[in-house]
Structure formats: structure tokens, C-alpha cells
Amino acid sequence: MTVIEELRMREKPAKPARKSAGANAAQADRRQRPSKAPHRPRGSLVAALDIGTTKVCCFIARTQSDRPQVIGIGHQLSRGLRNGVIIDLEAAGNSVASAVHAAEEMAGDTIQHIVANLSGGFTASRIIKAEIGVAGREIGETELQRVLEQGYQLREPGDRQIIHSVPVGFSIDDSRGIRDPRGMYGERLGVNMNVVTASAASVRNHSAAIGRSHLEVEALVVSPYAAGLACLVEDEIGLGVTVVDMGGGTTTIGVFFDGNLIFADSVPIGGCHVTNDIARGLSTSISHAERMKTLFGTTIPASNDEREMIAVPQIGEEEDGRVNHMPKSLLVGIIAPRIEETFELVRDRLEASGFDKMAGRRVVLTGGAAQLNGVREFAGLILDKQVRIGRPTRVGGLAEATSGPAFSTAVGLVHFALSERAEPPFVRRAAVSRSSGFIGRLGHWLMENI
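Numbering (the numbering used here), first residue to last: 2 to 451.
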């Protein structure tokens, strides 16, 4: 067991302090590390909160020996968010409170801690390096801890907040790709950290909205990470795969390789933009545009689209019962360009990151917008990869209505809460020297190539 495998789980999640009615949200410090790691005995409760642009969903699950069992679900229309970012704190807080209350009512129990997602406000992840001098001495546990602490203490600009920070490889002098530096000699010891950061204001606003329900946030998790935990199978994570989580206001991207997330990014376009395009293009209301998108929407034209007519109620004239009849081809002509733009932006972000080839030829689409007819085929054409639709797995208690792609992030947050990833780095200090450390393969390719 190498030190990378032992330390892979020492990721430092954003962990706001508990707030009453959001009063102290602005003072939350993600660099504080709690004195006790979360403990999940069998039968205990875990809670996950998916805060999206179109919906807020809360899952309460009870731990079981084989897989978590969802016993409470709260699903509410989202208010006060745009492109995954809170723009109305009171409205967002009310949506969160309603979803949490519904889940507690169904579960017959109350919660105090929760794991939440971050679907907007974060930028592309990056690799940073920390280094210390060892003056030619043998590298031991002390030196290892020093360089890791140096990495965790690297400061971001004041407007950025660290969400995930994971050690992915060590270096000694000019030798890189070292998996376990203990017992080796050199002048300088370095560590590469895979870091995901988000807007500090966005993090504080999320904390404040959740704090209005008097809940303590155990961790914040970027949406593509959570979606991958729910949808991917072991072979996909090992060989390389890209997760594209198509939400209402954002499309988030996660690249998984050799067991873990190694790149994350987001595009500020989602299903709501398609709905708005339809409403503007056909002069109808948002509700009717959403209905037409759901019933008739597709990205792939058919030969009979010109002959198939759709009733389109005109905005402001619904009470008069006046409708226009338009060919389906007009609807397809509105939807397809927006979906094409979305996948082109995803492709450009992957190519710019340098992880495109590493991700292989596999793409998993998930999220509510991924259910649009023809999206899978369209993604395959533009991304030039094999594509499948991802649905949440390894969880019990979900009805058919809550087991689709739209609920992948919520299920992934449950998996995150139950995993060692939720533990802060300092809690795992003693694990560095234990041969029974955690199995992990994060960053193997990075260790060999960076």
C-alpha cells in the first residue's frame, strides 16, 4: 500500500460552521478542521441536499450493511437561483426549508447535518505544487506531514474558496511521479494537489440558505463529483470517463480516471435556456414551453416534422383559448442549436484542460436535461465518444419517479456522506503510517505524467 493510496481519501471538503438562521454564514471558514470525523454506524441517518436551478431535492437515507436505504424524500420547485448561483437568499432558503421539511416528514425523523452540492460558481480544477526543504535527510513521517500541511495551507485569492484538495503525487528534487517518498533521500520534497475552488460569495450564500433551516453543512461537493459517484461503474472510473451533468441552469463536467475525479468544470447553460428559447421563439409562456419541450422536444429532425402540427398557446391569450398551430420542425430548429452549443462548449473545455484524451472515449450523461429525446445521439456526434445515460445506482428505497437521471446528484451526495472522502485531512494523520490504509488510486496517470 503506497502513501498515495493511503492519502487519497485525505481530501479536504468545504465545511462551514453551523449557523442559526444564516446569521454567521459570511464568517464560515473552510480551512477550519473539525475535531471529530463523521461516524456512520449501521442504522444511522445521512442527509443530502441537491440545490439546483430548477429543483431543490433532499434525501434522507439510513445506512445498511450493503447499501443506503432512502427513507425520506423532499422535492420542491427551486426559487432564487440562476445558473446554479443564488440571487435571492430568502427565496432559496424557503425552497431548502420546504424540501428538508418534506423529507423529514416522510422519514419520521429530524436531521441536523447535511451534505450539499455546488452546481455553479466553481471554476476548472487545477494542479498546484507545495515544496519543502529536507536538507538531504531521509524522508519520514514528519517530512511527509510537513509537505502535506504546506499543500493544505496554500492560499487562494480572497474571492475564492477551496472545495476539494487532494494529494495526487510526490516529487524529490527533479524526480517526479513518486508514489511513496518515505525512506528516500533528497534536498526538496514536493507534493502535487488537485484543487477545486469556487466563488467565496457563492459558498457563503449556499451556507446561509441552508443555515436558515438550522442545519450544519458537513461538506460541499461539486455536482459532477456527486453525479459520478452515483452513476459510474467501477470499470468506467478506472479506465477513464467523462460525466456531463445537464442541469437546469448549468452543465457541469467531471473527468474520472483510475478511481477518482481528476478534473471538474462547469458551463453556464442548461435545460432552462432551452425552455426560454422555445418561449421566445414561439411567443408562448414558460410553462407551455416546458410542456412542449417535454412532450415533443427532440434534437434529431424526422421526415414528418413538417407535417406534424403542435398547438402553441400564445402568451397573454391563454384565457381566450386561442392557440397557433406550428410544425414540429420549428420546435426542433429551436432546440437543436442550443444543445449543439452546450456540447461544443463541453468539448472545448475538455480540450483546453488537457484531460480529453485521458478521459477515453466514454461519456455518461446525467441530470434532468439529459432526458431530452435525442440528446444522447447528439452528444455522440459532437463529442465523438461513446455515450450512455447515467442513472443513480447502489441505493435502495427510490421509486421510479425519483430514480432517473435528474436525481443522480442527490444520490451521489448520499454516497459521499457515507464514504471516507467526507473526513477532513487532519483526522487521517495517523492513517499515513498504517498498512491498513484506504484503497485509492487517485491521480495515477497524473503521478506518471505531471
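Built from N, CA and C at the ideal position, the CB exists for glycine as well.
{"Asked": "Validate contact between the region 213–227 and the region 407–420 using beta carbons, cut 8 Å, 3 pairs", "Found": "yes"}
{"Asked": "Segments assigned beta strand (DSSP E), at least 3 residues, entirely inside the region 273–337", "Found": "310–314, 324–328"}
{"Asked": "Whether ARG156 touches ASP266 by CB criterion (7 Å)", "Found": "no"}
{"Asked": "Residues that DSSP places opposite ALA220 in a beta bridge", "Found": "VAL116"}
{"Asked": "Minimum C-alpha distance to GLY334 - residue among GLY322, ILE316, PHE297", "Found": "PHE297"}
{"Asked": "Strand pairing of SER172, partner residues [DSSP]", "Found": "GLY191"}
{"Asked": "Per-residue DSSP class, three states only, for GLN65", "Found": "coil"}
{"Asked": "Between the CA atoms of GLY405 and ALA202 - distance to the nearest angstrom", "Found": "31 Å"}
{"Asked": "Among LYS294, PRO269, PHE264, VAL268, nearest to ASP278 - alpha-carbon criterion", "Found": "LYS294"}
{"Asked": "Sequence-distant residues of the same chain with beta carbon closer than 7 Å to SER36, five excluded per side", "Found": "For SER36, the predicted model reports a pLDDT of 32, less than 50, meaning its position is unreliable; a value from the coordinates is still stated below. Cβ neighbours of SER36 beyond the five flanking positions: none."}
{"Asked": "Beta strand (DSSP E) segment containing ILE390, residue limits", "Found": "387–390"}
{"Asked": "Cβ separation of VAL197 and VAL223, assumed to be a contact under 8 Å, to the nearest whole Å", "Found": "6 Å"}
{"Asked": "Nonlocal neighbours in the same chain, by C-beta distance under 8 Å from GLY397, ignoring five residues either side", "Found": "GLN65, ARG68, PRO69, GLN70, VAL71"}
{"Asked": "When SER354, VAL245, THR276 are compared against SER409, the one with the closest alpha-carbon", "Found": "VAL245"}
{"Asked": "Sequence-distant residues of the same chain with beta carbon closer than 7 Å to ALA371, five excluded per side", "Found": "MET247, ILE390, PRO406"}
{"Asked": "Opposing strand residues paired with HIS76 [DSSP bridges]", "Found": "CYS58"}
{"Asked": "Cβ-Cβ distance between ALA98 and ILE61 below 7 Å", "Found": "no"}
{"Asked": "Residues of its chain near THR367, where Cβ-Cβ distance is below 6 Å and the 5 sequence neighbours each way are ignored", "Found": "ALA228, CYS232, ASP246, GLY391, PRO406, SER409"}
{"Asked": "Three-way DSSP call (helix, strand, coil) for ARG348 in this model", "Found": "helix"}
{"Asked": "Residue burial classification, GLY255 (beta-carbon count within 10 angstroms, cutoff 16)", "Found": "buried"}
{"Asked": "For GLY141, the three-state DSSP class (helix, strand or coil)", "Found": "coil"}
{"Asked": "Beta-carbon proximity check, PHE344 vs SER126, cutoff 7 Å", "Found": "no"}
{"Asked": "C-beta atoms of ILE336 and VAL275 nearer than 7 Å", "Found": "yes"}
{"Asked": "Sheet register partners of GLN162 (DSSP bridge)", "Found": "ALA199"}
{"Asked": "VAL148 vs VAL192 beta-carbon contact at 7 Å", "Found": "yes"}
{"Asked": "Simplified DSSP state of GLU342, which is helix, strand or coil", "Found": "helix"}
{"Asked": "Exposure of ASP51, with buried meaning 16 or more beta-carbon neighbours within 10 Å", "Found": "buried"}
{"Asked": "Interface flag, MET247 vs chain C, CB-CB below 7 Å", "Found": "The structure shown contains no chain C; it holds only a single protein chain."}
{"Asked": "Nearest to ARG362 (by Cα), restricted to the options ASN206, PHE258, ARG80", "Found": "PHE258"}
{"Asked": "Short Cβ contact (7 Å threshold) for ILE74 with LEU216", "Found": "no"}
{"Asked": "Exposure of LYS56, with buried meaning 16 or more beta-carbon neighbours within 10 Å", "Found": "buried"}
{"Asked": "Other residues of its chain near GLY249: CB distance less than 8 Å, five sequence neighbours each side excluded", "Found": "GLY53, THR54, THR55, LYS56, SER79, GLY271, GLY272, CYS273, GLY369, ALA370"}
{"Asked": "Own chain, CB closer than 7 Å to SER214, minus 5 neighbours either side, in chain order", "Found": "VAL97, ALA98, VAL101"}
{"Asked": "Check whether GLY122 and VAL86 have beta carbons under 7 Å apart", "Found": "yes"}
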